[in-house]
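Those letters in the sequence shown? Residues -13 to 134, by our numbering. Where is the CB? At the ideal position from N, CA and C, for every residue including glycine. The structure presented is a predicted model; accordingly, all values stated were derived computationally and were not measured.
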Amino acid sequence: MNRREFLTWVGVGGLASYLPVAIAACSPKATQSESPASPVRTDGFQPVGTVAELGQKGQILNKEFSGGAVLVVQNPANPKAVTAVNPSCTHEGCTVTWQADQKQFVCPCHDSKFTLDGKVTQGPAKTPLVTYEAKLEGNSVLVKAGKS
Ligand code: FES
């Protein structure tokens, strides 16, 4: 290998090592909660985010919830009420998102749709989303592990 070939080889390797960083920097900001994992309280509820965060984004996705990932949204008819679901689509496991304009959870993979309480309104999914008991308390959004 001569000097020119060596420098070309090092240049390509260096560029390749920066590629994942560049891709990550260009990715859209996730709606995932910035809050650190909080311990489960004695009453079974776990803080998964803040009311301010929920108000800003309209939804909180917390992947550190003790019951698995949880997606919390405000009830469009009553902003003081919240709904929490496991965001794993019951068809093949893609992560659903809350579409506030449609007032439903939508799966990006095969377009299954679910009501606020997790019921299927459009397949191919046949089984409802798993739901959790959720509430607002002070500035915290709390979710209880286990089916509601
Ligand atoms: S994984 Fe959600 S519709 Fe297929």
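Which of the three DSSP states is assigned to Ala111 in this structure? coil
Note down the Cα distance separating Lys49 from Pro73, rounded to an integer number of angstroms. 10 Å
Spatially closest choice to Gln60 from Ala111, Cys95 and Phe91, by CA coordinates: Phe91
In or out: Gln45 buried (at least 16 other Cβ within 10 Å) or exposed? By the beta-carbon neighbour count (other beta carbons within 10 angstroms, threshold 16), Gln45 is buried.
Let me know the secondary structure DSSP gives Gly35 once reduced to three states. strand
Determine, using beta carbons only, whether Ala120 and Val68 come nearer to each other than 8 Å. yes
Bridge partners for Val56 per DSSP, in chain order? Asn48
Could you tell me if the beta carbon of Ser98 falls within a distance shorter than 7 Å of some heavy atom in the ligand FES? yes
Proximal residues to Trp84 (C-beta, below 6 Å), its chain only, five neighbours per side dropped: Gln45, Val59 and Phe91
Thinking C-beta only, is Thr76 closer than 8 Å to Leu115? yes
Identify, in the order they occur along the chain, each residue of the same chain with its Cβ nearer than 6 Å to the Cβ of Lys89, setting aside the five sequence neighbours on each side. Pro62
State the beta-bridge partners of Thr69 as determined by DSSP. Val59
Counted within 10 angstroms of its Cβ, other Cβ atoms place Gly30 as buried (16 or more) or exposed: exposed
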